[in-house]
Amino acid sequence: MNRDDKIRQRLDARLSGIQAGENTAWKVLSLAQKEEKPMKKKASFALVLTLALLLAGVALAASLNVFGLFKEDEHKGKQLEKLAQVATTYGETASIPAQETSEEAPKDDYQTLLAMVKNKAIDFTLEQAYADDKTLSISYTLKDAAPRVSYHEGEPTGSFEWLREIKDKRWTDEHMLNVEDKALNEQVKEHLNKPGSRYIVMNSTGLGDGASLTDGTDLPIKDSGLTRLPDGSVQGYMTCSIPDGVPGDKPLEVELIIGYGAMVVYQDEAGYKDAYVNDPADRGIKRLIFTIARNGKTTSKSGEMSHKAATEAGSYSARAQLFLSPVNAKGTVTLKASSAWVDSWHKANAMMDDAAGTLNRIFDYVLYAGDKAYPNKDGAIAIKDNGDIVIGLDFDAPDSDQNLTLRPVYRDDQTPLIQEAIQLK
């Protein structure tokens, strides 16, 4: 599958509503065990065709501290406050004008929507950015990007390319437009579920999930957030991973994706169908390129330990790798444990209920800098094909990088165990 096919697949997944990723089960189970770690839904907005754009970079006298807008977030607030302090201010705006449209009046609903989509102008401002050898974080402002929903009766006319036509089901039983906006979801549900045939149109513009380098290197998304302004604009941030092999001493030529278009959902007594209307010239995709300096670096810490339990089922070995930056400390602990531990996780995953896997086992680690504890912000737990259990780590940046240890937390006793700590060097 080539890159554009993968992008198209991601777009189709977004339009189908809320989708579960391959690690969702492990994250759900882990979060059930540690309530202090809420996970954010990352809305995907997709991508297809390459469109080279010349940036109209405008240096602003004082760019907004968008990272700082999220410093009260219970989950990542301290890290975002740190980002606000160490990030470079850019204030570079890329403006994409509206497309020229025919002066002829639209003949049907499809042509009306297409003309509206083409008439969309886009202004994207890269406010701040931080990049080291492992992570890229940006903050931005996207003007006039809030979703707008309109409500209609009857069946829309014109040459729509329906993505799905589902019989004997209601769209609202399986999908929602916006995970966080309950009032909007209720309005949509109330409208579509009325007797007769009805449809909605949602116009939206958004920053795509993740980024890439201009050489094609993928920068997978790790975290994001946004807030809506009264004028319909959005301000947000996005953090992406930089894979091994990317030189750490050169600026990054980063490509960002802006997706725009109109989603149409039609429903009647027989079922529902949905479509996505965008400009055929670029398939609803605008690509922006920014040069971002490397203004940080990470320090690597690692450690290993083995634990011999009274029974073989409780014995394990652990290998930890942690990368410290001015913003956070991120990494993994890889456990080689008994088949009983692995089977217990698989059973819990299959039942989507941790109570199904009642074996006492490690599910988390706490970072200690001396006697000061830093709770783990990462809820990911994965089981590799070889049986390794990999626990994701994401801590606020410790006050000191000396005397660092990782203490495990078991399912049945959530007190971090100093006797099984991993010393990081």
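If you read the sequence shown in my numbering, its first letter stands for residue 21, the second for the next number, and so on.
Cβ coordinates follow ideal geometry from the N, Cα and C atoms, glycine included.
Model, not experiment: these values are computed from the prediction.
Under the DSSP assignment, Leu103 falls in the alpha helix (DSSP H) whose first and last residues are Gly97 to Val106.
With a cutoff of 8 Å on beta-carbon distance, Ile312 and Ala149 are scored as near each other. Pairing Ala125 with Arg307, the inter-Cα distance amounts to about 30 Å.
Check the Cα spacing between Thr113 and each of Gly291, Leu146, Glu94 and Lys98: the tightest is with Leu146.
Counting along the chain, the unbroken alpha helix (DSSP H) around Leu212 starts and ends at Lys202 to Leu212. By the neighbour-count criterion, in which 16 or more other beta carbons inside 10 Å mark a residue as buried, Gly256 falls on the buried side. In the DSSP annotation of this structure, Val347 is not part of any alpha helix (DSSP H), being labelled neither H nor E. DSSP, reduced to helix, strand and coil, places Ser179 outside both helices and strands of the structure shown, so it counts as coil.
Just measuring C-alpha positions, the residue of Ser420, Lys242 and Lys392 sitting nearest Gly351 is Lys242. With a 10 Å radius around the Cβ and a threshold of 16 neighbouring Cβ atoms, Pro267 comes out exposed. Contact between Asn213 and Thr192 holds: their C-beta atoms lie close to 6 Å from each other, under 8 Å. Within its own chain, the residues whose Cβ lies closer than 7 Å to the Cβ of Ala360, once the five positions on either side in sequence are excluded, are Ala333 and Leu379, listed in chain order. Counting along the chain, Ala135 sits inside the alpha helix (DSSP H) bounded by residues Asp129 to Lys138. Judged by their CB atoms, Asp416 and Lys98 are nearer to each other than the 8 Å cut-off.
For Glu185, DSSP records a beta bridge to Lys293. For the set Val221, Pro215, Asn369 and Leu272, the Cα lying nearest the Cα of Gly236 is the one of Leu272.
The Cβ neighbour count for Gln434, taken over all protein chains shown within 10 Å, is under 16; the residue is labelled exposed.
Around the C-beta of Ala295, 16 or more other C-beta atoms lie within 10 Å, and the residue is accordingly described as buried.
With a cutoff of 8 Å on beta-carbon distance, Leu342 and Leu413 are scored as near each other. The region 287-306 and the region 244-252 do not touch, with fewer than three beta-carbon pairs separated by less than 8 Å. Under DSSP, Ala417 shares a beta bridge with no residue. Counting C-beta atoms within 10 angstroms of its own C-beta, Pro418 has 16 or more neighbours from the protein chains shown and is therefore classed as buried. In terms of Cβ geometry, Lys96 and Lys445 do not form a close pair [threshold 8 Å]. Taking Arg339 as the centre and dropping the five residues before and after it, the same chain places the C-beta of Glu324 and Thr354 closer than 6 Å to its C-beta, in chain order. Using a Cβ distance threshold of 8 Å, Gly279 and Gly316 do not count as a contacting pair.
Straight-line measurement puts the Cα of Ser326 at about 50 Å from the Cα of Gly111.
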